[in-house]
Each structure stands twice: as structure tokens, then as C-alpha cells.
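One structure is given here, and the rest of the page talks about it.
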Amino acid sequence: FDNVDDVKTQRITDSKFDPQKLYQKERGDGKEHLYMVVIGHVDAGKSTLMGHLLCDLGQVTLLDAPGHKDFIPNMISGAGQADVALLVVDANRGEFEAGFDYGGQTREHALLVRSLGVSQIAVAVNKLDTVSWSQERFDDIVKKLKTFLRQVGFKESDVSFVPCSGLTGQNLIIKPTENDLLRWYDGPCLLEVIDKFRSPERPVSKPFRLSINDIFKGTGTSFCVSGRVETGTLSAGDKVLVCPNREYAVVKSLAIEESSKTIVFAGDQVIATLSGIEMQNVSVGNILCDPQRPVQVAMKFQARIVVFNVSVPITKGYPVVLHNQSLVEPVVVNKLISQLNKSTGELLKKHPRFLGPNTSAIVEIQISRPIALELYSECKELGRIMLRIGGVTIAAGLITQIIL
Ligand code: GDP
Numbered sequence: 417f418d419n420v421d422d423v424k425t426q427r428i429t430d431s432k433f434d435p436q437k438l439y440q441k442e443r444g445d446g447k448e449h450l451y452m453v454v455i456g457h458v459d460a461g462k463s464t465l466m467g468h469l470l471c472d473l474g475q476v477t478l479l480d481a482p483g484h485k486d487f488i489p490n491m492i493s494g495a496g497q498a499d500v501a502l503l504v505v506d507a508n509r510g511e512f513e514a515g516f517d518y519g520g521q522t523r524e525h526a527l528l529v530r531s532l533g534v535s536q537i538a539v540a541v542n543k544l545d546t547v548s549w550s551q552e553r554f555d556d557i558v559k560k561l562k563t564f565l566r567q568v569g570f571k572e573s574d575v576s577f578v579p580c581s582g583l584t585g586q587n588l589i590i591k592p593t594e595n596d597l598l599r600w601y602d603g604p605c606l607l608e609v610i611d612k613f614r615s616p617e618r619p620v621s622k623p624f625r626l627s628i629n630d631i632f633k634g635t636g637t638s639f640c641v642s643g644r645v646e647t648g649t650l651s652a653g654d655k656v657l658v659c660p661n662r663e664y665a666v667v668k669s670l671a672i673e674e675s676s677k678t679i680v681f682a683g684d685q686v687i688a689t690l691s692g693i694e695m696q697n698v699s700v701g702n703i704l705c706d707p708q709r710p711v712q713v714a715m716k717f718q719a720r721i722v723v724f725n726v727s728v729p730i731t732k733g734y735p736v737v738l739h740n741q742s743l744v745e746p747v748v749v750n751k752l753i754s755q756l757n758k759s760t761g762e763l764l765k766k767h768p769r770f771l772g773p774n775t776s777a778i779v780e781i782q783i784s785r786p787i788a789l790e791l792y793s794e795c796k797e798l799g800r801i802m803l804r805i806g807g808v809t810i811a812a813g814l815i816t817q818i819i820l
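So the mapping is simple: the UniProt record's numbering equals the position in the sequence shown, first residue as 1, plus 416.
Quick look at the structure:
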């Protein structure tokens, strides 16, 4: 399929094509894939915990991401691909507090994953061996995190807490053997908690969208892009539109991990080999979409945002960095349209002069070049945004209007 024009597959108009049925047929009887992001303050023990868990399961393949705040942009694009999250906190005296204080990553990571659409979270209260498996310490951490996670927007029934030690392996894949823990804990081990995560519904019947998070050379003239299929399905041989440039490409082949596929579905992390387009015309953050039902392309949009704990209020003309799936783009807060009541969403004030901490508002964002966009009401997966400045996340929101 080296020439895009040779591709005549118009399966969208083919009435026999039923993505939901096909998904059931292909995936219905096997184990569903679930993507989990591991988050937490630097040195909370994420690598040790996951390394130990996978080693005990006999399945070491470990993709590790640094917890330092300089790497939050990577964490955002990673978390944008996740269905569920495991938050690791350090139970060591003083350490939990350091991670939970302002400036620590416990709060910011939890806030980010929720803003990115993750609704189920498990908390590994780690390094409990360092405090002699103290129930009091565990309860204290649970109490503080419960309140905070509720404020961030997690439902209480979607949050669970597990006492453990990533270093000694206590309560990871089998029930505890440590007497000091057994005395007060008879709940599930970490693996049981992970197994209880529900897989989210995959929007396979919606128009196809994939946000590109990496690009690399393939064989010959073709090259590969990787990313998560946010909505719809993609088959080998499909013609796709690459936005915002609106160039066509053809999907030569598809793979999930190492195995090649003829069709992939919403929720899958895939590698697609493309042809019919120059590699330099494709960038990280571009959207691959269905040519007949494409995404919008614009330089301006309105968003409903929640402002976090900013030290400097947001004013008109404020330069920020926009994160939208894998796209990272400098933008300007062009207009402050209205300030809203944070809990009811009612209008509080038109054209506020500034937006302080913990406020909610409708703002207009101006980009210096066109980007691919979707309304939150049409595509939850692509309609979420995050605004950052100087390495700090200052707001998260939803795209409510695209201004063409
Ligand atoms: P990450 O930055 O969250 O990935 O943290 P690491 O896994 O690199 O762990 C940071 C430090 O904490 C290392 O020195 C680990 O040996 C130690 N550590 C990790 N988990 C535990 C634990 O459960 N108990 C104890 N005592 N130390 C741990």
C-alpha cells in the first residue's frame, strides 16, 4: 500500500462492519488488557515495589520512569495512556509528609492522573517495615489520603489502600506472613487489589483517533508511530488522516507489543507502520484519525478549568504550556471569560480580572499554530487539557468550545 491513493477501503460505509461485535469476538474470551500507571514521590519505593512484584510473578519486564519533578511532562504523557493508577507512598516517619506537602509529588501526581481521566486508584502504603508495621501510622496515612483523594475527585469506592513493603515483599502477591502486620490486617494483598480493578469500557464504535507519543524509523521508506487508540478501531491497510497537517497516510502494519495484528481497538497501545507520508511531516502530539470523520483543527478554544494552588494569579495574556494527550505546546490564556462556582458550576462573575488559587473558570486559549482538537463532550479522551508553567501544573480542564 505504498501509494495512499491505491487504498479504497471504505469500511465506514460498510454496514456489515460492527466494531462492538468484532471486539467481543477478538477479545471477549481472553484476558482484557489494563494499563496501570505507577505514581508517587521520588524515593517512595516505586521501582523496588514493582520490581519485586514482577519478579515474584516471574514476569520481569520493567519499564521505569523517574519520580523527580523535572520528569512530570513524561509522567503526564505516560498517565494519559493509563486506565488505572497505583500510588506509592513512603510510610517512613517524615517521608510521607515530605511527599504529601506542597511541592511533593504525591499530591501533584494524584491530581494529574485524576485530571487525565483515571478514576480508579490503589494506594500502596509502602516501607511499613520501617515503622514496625504500625497500624497507627497506616491509619493516619489512610485518613489523610482519603480526604485528599476525595477532594481531587476520586469516589471513595474507587480508592483502596494496601499496607506493604516493596523491599521485603510483604503483602505483594501473597497474604502477609509478618506477625506484626497479621495482628491488625486481614485485607487483600497488592496483587488482589490490582486484579480487582475494573477495565473501563472501550469506545470502539466511535470514530478512530490515536494520539502519537513516539515516532521511529522502520524498514525501507516506512516509519512507525506509537500511541494509544483512544477511540474506534484501526485495521492494517486503512487510510488515516494525520492532523493538524491534514496529510493522508496508509497503515502498512499494526502491532501490540511484539505481535502483529490485523485490527486494533480503543484502549490498545499500538505501533503502526505508516507509508505514503514523510516522516518529518509527523510529530509527537499529532492525531491520527478517520479521514471521513476527522478531528478539528484550530488555533483557539475555550476550556472550563480548575485552577490549582497557584502562587501567582492567572491574568489575561498569561503564557502557559498546554498538555493535551502527548501534545506539549506553548499557548497564551487569551481571555478570562467567566468565573464559576467550583462545586455547582454556576456563573459567579463575567470577565474576572484574575483567577486565584482553587477557582473554576471558562477561559480562551490562543495557540500560535494550528493543533488537532476535540470537544470533551465528543471525545473525553482527547478533550482534557492541563496547563503548566515553570514545571508546575497550574490548572486542568475540559475543552468546551473550539473556535475556528
Ligand atoms: P522510587 O524513586 O519511587 O522508584 O524509589 P526506589 O524504588 O528507587 O526506592 C528508594 C529507596 O527506598 C531505595 O533505597 C530502596 O531500597 C528503599 N525502599 C524501597 N522500598 C522499600 C521498603 O518497602 N522498605 C524499605 N525499608 N526500604 C525500601
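No residue lacks a Cβ here, since even glycine has one placed at the ideal position from N, Cα and C. Here the structure is a predicted model, which means the values were calculated and not measured.
query: Check whether the Cβ of G461 lies closer than 7 Å to any heavy atom of the ligand GDP, and answer yes or no.; result: yes
query: Can you grab the Cα-Cα spacing for the pair K424 / N725, in whole Å?; result: In this prediction, K424 has a pLDDT of 47, which is less than 50 and means its spatial position is unreliable; nothing more can be read from the coordinates.
query: Within a Cβ cutoff of 7 Å, which residues of the same chain sit near Q436, ignoring the five residues on either side of it in sequence?; result: V620 and S621
query: Restricting to runs no shorter than 4 residues, where is the alpha helix (DSSP H) found entirely within the region 512 to 550?; result: 521 to 531
query: Pull the bridge partners of S576 from the DSSP assignment, please.; result: A538
query: Compute the distance between the beta-carbons of S576 and V609, then report whether it is under 8 Å.; result: yes
query: With N595 as the anchor, note down where its beta strand (DSSP E) starts and where it stops.; result: Per DSSP, N595 belongs to no beta strand (DSSP E); it is in the alpha helix (DSSP H), N595 to L598.
query: For S784 and I672, I'd like the C-alpha separation in whole angstroms.; result: 35 Å
query: Checking the sheet assignment: what are the DSSP bridge partners for K765?; result: Q755
query: Ends of the beta strand (DSSP E) at Q440?; result: Per DSSP, Q440 belongs to no beta strand (DSSP E); it is in the alpha helix (DSSP H), P435 to R443.
query: With H, G and I counted as helix, E and B as strand and the rest as coil, what does DSSP make of H457?; result: coil
query: Relative to the alpha-carbon of I569, which residue among S759, E794, K766 and P786 has its alpha-carbon at the smallest distance?; result: For the record, residue 569 in the displayed sequence is Gly; it is not Ile. Among S759, E794, K766 and P786, the Cα nearest to that of G569 belongs to S759.
query: What whole-angstrom Cβ distance do A665 and G692 have, given they're in contact under 8 Å?; result: 5 Å
query: Less than 8 Å between the CB atoms is what I'm expecting for R618 and Q536, so what's the real figure, rounded?; result: Not a contact, Cβ separation roughly 15 Å.
query: Of the residues K612, D611 and I590, which one's Cα is nearest the Cα of D602?; result: I590
query: Under 6 Å Cβ to Cβ from L607, same chain only, skipping five residues before and after it: list those, please.; result: I589
query: Can you give me the Cβ contacts of P710 inside the same chain, cut-off strictly under 6 Å, excluding the 5 residues immediately before and after it?; result: L657
query: Taking contact to mean at least 3 C-beta pairs separated by less than 8 Å, is the region 794 to 801 in contact with the region 632 to 651?; result: yes
query: Roughly how many angstroms lie between the CA atoms of V680 and M695, to the nearest whole one?; result: 22 Å
query: Less than 8 Å between C-beta atoms, sequence neighbours within five positions excluded: which residues of the same chain meet that for L473?; result: I589 and L607
query: If you reduce the DSSP assignment to three classes, tell me which class G603 lands in.; result: coil
query: Relative to the ligand GDP, is the shortest distance from any of its heavy atoms to the C-beta of N740 smaller than 7 Å?; result: no
query: With H, G and I counted as helix, E and B as strand and the rest as coil, what does DSSP make of T809?; result: strand
query: Under 8 Å, with one C-beta from each stretch per pair, do the region 726 to 741 and the region 801 to 816 reach the 3-pair mark?; result: yes
query: My assumption, with CB atoms under 8 Å, is that A714 sits in contact with L789. Please give the rounded CB distance.; result: 6 Å
query: Are there any heavy atoms of the ligand GDP lying less than 7 Å away from the beta-carbon of V658, as far as the coordinates show?; result: no
query: Examine the ligand GDP and report whether any of its heavy atoms sits within less than 7 Å of the Cβ of V458.; result: yes
query: Are the CB atoms of I815 and I805 nearer to each other than 8 Å?; result: no
query: The alpha helix (DSSP H) spanning H468 covers which residue range?; result: K462 to D472
query: If contacts are defined as beta-carbon pairs under 8 Å, then P489 and V749 qualify, I think. What distance do you get, rounded to the angstrom?; result: Not quite, the Cβ-Cβ distance comes to about 19 Å (not below 8 Å), so this is no contact.
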